[in-house]
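Data block below; observations after.
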Amino acid sequence: MKVGLLTNEIPPIVYGGVATWILNFLDMFQDDEDIEIIPVFLAQLDEPPSDFPERYPGIRIIHGPEDVKNTFADLDACINNLWVAFDTTRTIKETFPNKLMVSVCHSLIRMEHITNMGGPITSNYFEQEITFQYSDIVVLISEAEKQHYISFGYDKYESTPHVIYNSYKPKFDTDTWRPNYELNDIGYIGRHVPRKRPDLPIFAVEKSGRKDIRVFNMGVDYQGEQGNPFWEELGRKHPKQLIIIPFSSNKETAQFYWNSIGANSITGIYEPFGYTMCETLDRRIPALVQNIDGPSEITANVIESVFVYEVDKDFNKDVDNFLLAVERFWNTSADMRQAMADQARTALDDFRPEVIKGKWKEILLNTNAREIKELNSLSEKLGMPEKSVKGYGGYR
């Protein structure tokens, strides 16, 4: 079986976590006996670098719907990772109605819009809804995400929702590196958008009144001359306690972060899965984690081995809730922290590539494409012009 893996995010072109998923998926199916995965890059926004064919053997490039016929003619199915390029998705399904179309929902853009306080990038979430309607299967990456999907009424479409977690290949099975379990400093690493609440740790430590605790925050974006007034002000307010590390993909910088903290904070009010959660467990670092969405499902079987806090979604209440978890961490001995972290790491066994690959093979090899009926008028019914989008499938 030949399957096209459609995306507009392949390193070095990266807008978010989708690129990590793409690389993991390609690696997961490398040399599989039953399924050949062929990367397909949508180049409507970003022209691919000249070394793409060397980086990704067999990659195919499309610039828009006009390239669909030749690109997908010999493929049996498409795994779609675009969330607003509905014109491309629609053209694939209309051109090849008997080819299986599986759309991966890395996050519900309507949820992104709500929890990130709106904005022009996510205001067109209805375009993702059109993509759902042209799909035979929609893969959600957690049970919580499926419940959000249903709550918005998306299950009324003929596409069938499936839950398949992201795969995570542990990197520290045999590595001898270990964190310093004596450290009481805490940290946050990741994107800085409202739903992630990267400022929760410093406000909790401030409320604790402890002056001996440092908070490491990695991932702050500085926008040219505008800078980042919010984090600059927090830095001035806590010059000795808040260590701000700007966004960086440098491995040494990231390792400095992991070496500096005693516990890592997973603080979002909406998190479909949680690669950072997995990396925290993989490194055997104590985890301060919310009781909702993907992270809570990842840690469901090891809940006694992580420090869980309850999410109210009211920021001031969550400062208190998070502080309770931090205080439990502070009151836990170094030996117990290590024992908990070792046990918590066993949660990753459910997300190893060999487990997740089996889930994917089951739907790819055993699902037939549905017949499309009157899908041509979906855009018109929603008041959308025929070519209103130029294929933007992600954001920073």
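Position 293 (the sequence shown) corresponds to 293 in the working numbering; numbering is contiguous. Backbone N, C-alpha and C define an ideal beta-carbon position, used for all residues, glycine too. This structure is a prediction, so every number in the text was calculated from the model and none was measured.
Can you find the residues in the same chain that come closer than 8 Å, C-beta to C-beta, to TRP21, ignoring five residues on each side of it along the sequence? If we look at TRP21 and ignore the five residues flanking it on each side, its Cβ neighbours are ASN81, VAL104, HIS106 and ASN166.
Suppose only complete runs of 3+ residues qualify. What are the beta strand (DSSP E) ranges in the region 163–215, listed by chain order? Inside the region 163–215, DSSP marks whole beta strand (DSSP E) runs of 3 or more residues at positions 186–189, from first to last along the chain.
Under the three-state reduction of DSSP, which class applies to TYR15: helix, strand or coil? In the structure shown, TYR15 sits in coil (DSSP, three-state: anything other than H, G, I, E or B).
On the DSSP bridge list, what partners appear for LEU42? BP columns for LEU42 point to ILE62.
Who are the near neighbours of PHE247 in its chain, counting only those whose CB is closer than 7 Å to its CB and skipping five residues on each side? The answer, listed in chain order, is GLY219, VAL220 and ASP221.
Report the three-state DSSP secondary structure of GLU374 (helix, strand or coil). Residue placement at GLU374 cannot be trusted, given a pLDDT of 49 that sits under 50; the coordinates are not used to answer.
Quick one: what's got a C-beta closer than 6 Å to GLU374's C-beta in the same chain, skipping five residues either side? Model confidence at GLU374 stands at a pLDDT of 49, short of 50, so the residue's coordinates are unreliable; what they give is reported in the following sentence. Within the same chain, GLU374 has no close Cβ partners at all.
Which of helix, strand or coil does DSSP assign to GLU36? Strand at GLU36.
Beta-carbon spacing of PHE273, ILE141 below 9 Å: A contact, by the Cβ cut-off of 9 Å.
By Cβ distance below 7 Å, which residues in the same chain neighbour LYS196 in space, the five residues on each side in sequence not counted? Close CB contacts of LYS196 within its chain, under the 7 Å cut and outside five residues either way in sequence, are with GLY190, THR267 and GLY268 (chain order).
Coil, strand or helix - GLY224 by DSSP: Three-state result, GLY224: helix.
Rounded separation between PRO97 and TYR257 - CA only: Between the alpha carbons of PRO97 and TYR257 lies a distance of about 49 Å.
Touch check for the region 130–146 and the region 315–332: three-plus C-beta pairs under 8 Å? No, because fewer than three Cβ pairs between the region 130–146 and the region 315–332 fall closer than 8 Å, the two stretches do not touch.
Can you look up THR28 in the DSSP assignment and give me helix, strand or coil? Per the sequence presented here, residue 28 reads as Met, with Thr not at that position. Here MET28 sits in helix by DSSP.
For SER265, three-class secondary structure by DSSP: In the structure shown, SER265 sits in a strand (DSSP, three-state: E or B).
Between GLN30, ILE92, ALA334 and THR115, which lies nearest to GLU354 when the distance is taken from Cα to Cα? Ranking GLN30, ILE92, ALA334 and THR115 by Cα distance to GLU354 puts GLN30 first.
Tell me whether the beta-carbon of LYS207 lies closer than 9 Å to the beta-carbon of VAL319. Cβ distance < 9 Å, so LYS207 and VAL319 count as in contact.
Whole angstroms are fine: how far does the CA of ILE37 sit from the CA of ILE61? Cα to Cα, ILE61 sits roughly 14 Å from ILE37.
Contact defined as beta carbons within less than 8 Å: I believe SER265 pairs with GLY187. What is the distance between those atoms, to the nearest angstrom? Sure, about 7 Å apart at Cβ, within 8 Å.
For ALA77, which residues does DSSP report across the bridge? DSSP, once it has assigned bridges, lists VAL3 and LEU100 as partnering ALA77.
Report the rounded CA-to-CA distance for LYS313 versus PRO194, giving the unit in angstroms. Each residue's alpha carbon lies about 11 Å from the other.
So, LEU100 versus ALA369, is the Cβ gap smaller than 9 Å? Yes; because the gap between Cβ atoms is below 9 Å, this pair is in contact.
Quick test of the definition: if touching needs 3 or more C-beta pairs under 8 Å, does the region 234–247 touch the region 298–311? Verdict: no, contact absent.
Which residue spans inside the region 252–337 form an unbroken alpha helix (DSSP H) run of at least 4? Listed in chain order, they are 275–282, 293–298 and 315–330.
Pull up the CB-CB distance for ILE261 and ASP185, whole angstroms please, since I reckon it's below 8 Å. Indeed they touch by this definition, with Cβ atoms about 5 Å apart.
Distance between LEU323 and PRO48 (C-alpha atoms, nearest Å): In a straight line, the C-alpha of PRO48 is about 46 Å away from that of LEU323.
Can you tell me which residues form a DSSP beta bridge with ASN217? In the DSSP output, where bridge partners are listed per residue, ASN217 has TYR188 and ILE244.
Nearest candidate by alpha-carbon position, reference ASP76, set THR131, GLY4 and GLY17: Measuring C-alpha to C-alpha distances from ASP76 to each of THR131, GLY4 and GLY17 identifies GLY4 as the nearest.
Buried or exposed, going by whether 16 or more other CB atoms sit within 10 Å of the CB of THR276? THR276 counts as buried, since no fewer than 16 other beta carbons sit within 10 angstroms of its beta carbon.
Tell me, to the nearest whole angstrom, how far the beta carbon of GLU271 is from that of ASP293; I am working on the premise that it is less than 8 Å. About 5 Å separates the two Cβ atoms, so the contact holds.
Kindly indicate which three-state DSSP category VAL122 falls into: helix, strand or coil? In the sequence as presented, Val is not what sits at residue 122; that position holds Thr. It is coil, neither helix nor strand.
Going straight from the alpha carbon of THR89 to that of THR131, what length do you get? Looking at the two C-alpha atoms, the distance is approximately 6 Å.
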